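Just remember that the numbering used here sits 56 ahead of the position in the sequence shown, which is counted from 1.
Every residue, glycine too, gets a C-beta built ideally from N, C-alpha and C.
Treat the numbers as computed from the prediction; the structure is a model and nothing was measured.
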Amino acid sequence: MQTHFDYILTGGGCAGLSLAYHLSKSQLADKKVLIIDKTPKNTNDRTWCFWTDQPTLFNSIVYREWKAVEFFFDTYHAVYPLQKLRYQTIRGIDFYKEVHTQLKQFPNFQFHYDSVVAVIETDQQATVQTTTQTFTADFVFDSRLSPATYSKAPHLILQHFKGYVIQTQQPYFDTSKITMFDFRQPQQGEVRFVYTLPYSPTEALVEFTIFGKQVFANETDYLTILNDYIQNTLKIKQFQILEEEFGVIPMTDFNFQAKAGNRIKRMGIAGGQSKPSTGYTFLNIQRDSAATVHALATTRQPFYKQSFDKHFKLYDAMLLDIMQRNGGSISQIFADLFKNNPIENVLYFLDNQTHFSIDLQIMWSVPPFPFLKSLAKIASRK
Ligand SMILES: Cc1cc2nc3c(=O)[nH]c(=O)nc-3n(C[C@H](O)[C@H](O)[C@H](O)COP(=O)(O)OP(=O)(O)OC[C@H]3O[C@@H](n4cnc5c(N)ncnc54)[C@H](O)[C@@H]3O)c2cc1C
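Structure, rendered in structure tokens:
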């Protein structure tokens, strides 16, 4: 196997494979690329959801798409049709298969399965050391994530979730809408909700999600609440579990830096592509992959000027601060947010896609006190 490449991608998960896919569909498809991961991706280990008004490069593998979202809060319940936006989901296994099928056409894209132990650079090249081999490249794109890097961040919340894909005997689910947030359960000082993605009248992903300081000690703590929700809130007494999903996403205002050197760029969550206050990452990874390929093609450098999003960072930090101080209050804040604003304004806002005038309207629609308290705290740190 050759040892020098144009690009090495350390980590072949969502960010690594997305960048490889974008490269293979660009004028840089002839570059020599090595993707290194510990193990091949061949299970349905996650489901990516996001809302968008434009097709992504992965449009052909969108598993389901919905045009309405439903919310259950203690104080009100609403279903909102979407006009421009679509809520979409992509299954991990379809994504992995699609990328592998595409890359098979390019012998210059290679995979290597081993653990990366170090990535360093000199003026001439970047070097990747695995447990058994050394590779070099013009640029390395690194999506390995070490919790130690962000553990001392001003705010750190863990989004942890456990879900089932269930099947019912009788038609139960309304496939015209998803339940984005169902807050009808004790919040226990955290943010706790269930969301439901109906795949068919008899099949749905039902996921119990917590934004809190720690993951639960036992799996049964998730399962008790999840089963109770399915049986007593959804009132589904008999169901079969087809698949299970568990995940943890760090939600933090740690200042992730994409530029780790002149020849090393961080990607994915490690590159700051996760929205701190929601954990949504998939669409940001697609935007980053597209912008990186464009930068490489036009400047021969992978770095590009990120859009000016300082104000969104501040909103994220304020929301994280409220979650950290009093997570139980978030359900009411979200209720006000969704009740008092056009749904698409809120969704664009949560995706950092709004202008200041909409941000202001959104700010005015929620009780100011918790935000002012957080703002004062954040400002006093600077
Ligand atoms: C279960 C789950 C569901 C999610 N759902 C959504 C969703 O609905 N919407 C959304 O926007 N986001 C979602 N996310 C968040 C985010 O989109 C995913 O975590 C996404 O996979 C992040 O991409 P990444 O490339 O940063 O990390 P990963 O996809 O985790 O890829 C990192 C890769 O690096 C490899 N690696 C790490 N260390 C080494 C090493 N030393 N040597 C070699 N390889 C290494 C890992 O094996 C892994 O394959 C979800 C996350 C999880 C866990």
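query	result
Over the uninterrupted beta strand (DSSP E) stretch that includes leucine 141, give me the two end residues.	No beta strand (DSSP E) contains leucine 141, which DSSP labels as neither H nor E.
Keeping to the same chain, check which residues put their C-beta closer than 6 Å to that of aspartate 250; ignore five residues upstream and five downstream.	Before going further, note that residue 250 is valine rather than aspartate in the sequence given. If we look at valine 250 and ignore the five residues flanking it on each side, its Cβ neighbours are Asp238, Phe264, Tyr285.
How would you write the range of the alpha helix (DSSP H) that leucine 431 sits in, first residue to last?	424 to 437
Are glutamine 243 and serine 387 touching if we call contact CB-CB under 9 Å?	yes
Among Asp62, Thr258, Ile266, which one has its Cα closest to the Cα of leucine 298?	Thr258
Would you kindly work out how many angstroms separate the C-alpha atoms of glycine 317 and isoleucine 176, rounded to a whole number?	9 Å
What do you reckon, is the C-beta of methionine 236 under 8 Å from a heavy atom of ligand 1?	no
Does DSSP classify lysine 315 as helix, strand or coil?	strand
At which residues does the beta strand (DSSP E) containing glutamine 521 begin and terminate?	Because the chain here runs from 57 to 438, residue 521 falls outside it and cannot be looked at.
Do you know offhand how far asparagine 100's Cα is from alanine 134's?	32 Å
Please confirm whether any heavy atom of ligand 1 lies closer than 8 Å to the CB of serine 171.	yes
Taking 8 Å as the cut-off, is the beta-carbon of tryptophan 122 closer than that to any non-hydrogen atom of ligand 1?	no
In whole angstroms, give me the CA-to-CA distance for glutamine 223 and threonine 103.	17 Å
Could you check where the alpha helix (DSSP H) with alanine 204 kicks off and where it finishes?	203 to 206
When the Cβ atoms of the region 74 to 82 are set against those of the region 205 to 218, are three or more pairs found closer than 8 Å?	no
DSSP on phenylalanine 390, reduced to helix/strand/coil?	helix
Could you check if serine 199 belongs to the surroundings of ligand 1, using beta carbon to heavy atom distance under 8 Å?	yes
Taking all protein chains shown into account, decide if glutamate 275 is buried (16 or more other Cβ within 10 angstroms of its Cβ) or exposed.	exposed
Measuring CB atoms only, is the region 356 to 374 touching the region 91 to 100, in the sense that at least three cross pairs come out at less than 8 Å?	no
Taking C-alpha atoms, which residue in Ser256, Ala204, Phe197, Phe310 lies nearest to glutamine 226?	Ser256
Report the option in Val184, Phe151, Pro332 whose CA atom is closest to the CA atom of valine 118.	Phe151
Below 8 Å on the Cβ atoms is my contact criterion, and I expect phenylalanine 106 with glutamine 144 to pass it. Report the Cβ-Cβ distance as a whole number of Å.	6 Å
Quick one: give me the first and last residue of the alpha helix (DSSP H) that phenylalanine 268 is part of.	The sequence given here places glycine at residue 268; phenylalanine does not occur at that position. Where glycine 268 is concerned, there is no enclosing alpha helix (DSSP H), although the beta strand (DSSP E) it sits in stretches over 259 to 268.
Taking the alpha carbon of aspartate 407 as the reference point, which residue from Asp309, Leu339, Arg147 has its own alpha carbon closest?	Leu339
From what residue to what residue does the beta strand (DSSP E) around valine 304 run?	296 to 308
Which partner residues does leucine 90 have in the DSSP bridge list?	Ile64, Gln166
Note down, one range per segment and in chain order, each alpha helix (DSSP H) of at least 4 residues found wholly within the region 309 to 382.	338 to 355, 366 to 382
At which residues does the beta strand (DSSP E) containing glutamine 417 begin and terminate?	Unbroken run through glutamine 417 is the alpha helix (DSSP H), 412 to 420; no beta strand (DSSP E).
Go ahead and label serine 199 buried or exposed: buried means 16 or more other beta carbons lie within 10 angstroms of its beta carbon, across all protein chains shown.	buried
In this structure, how does DSSP classify threonine 187 when only helix, strand and coil are distinguished?	coil
Which residue comes first and which comes last in the beta strand (DSSP E) that contains glutamate 126?	124 to 128
Give me whichever residues DSSP pairs with glutamate 439 in a beta bridge.	In the structure displayed, the chain extends from 57 to 438; residue 439 sits before or after that span and is not available.
Is DSSP giving aspartate 198 helix, strand or coil here?	strand
In whole angstroms, what is the alpha-carbon distance linking lysine 315 and glycine 328?	11 Å
Could you say if the region 109 to 123 and the region 171 to 188 meet the contact criterion of at least three C-beta pairs nearer than 8 Å?	no
To the nearest angstrom, how far is it from the Cα of proline 424 to the Cα of phenylalanine 162?	54 Å
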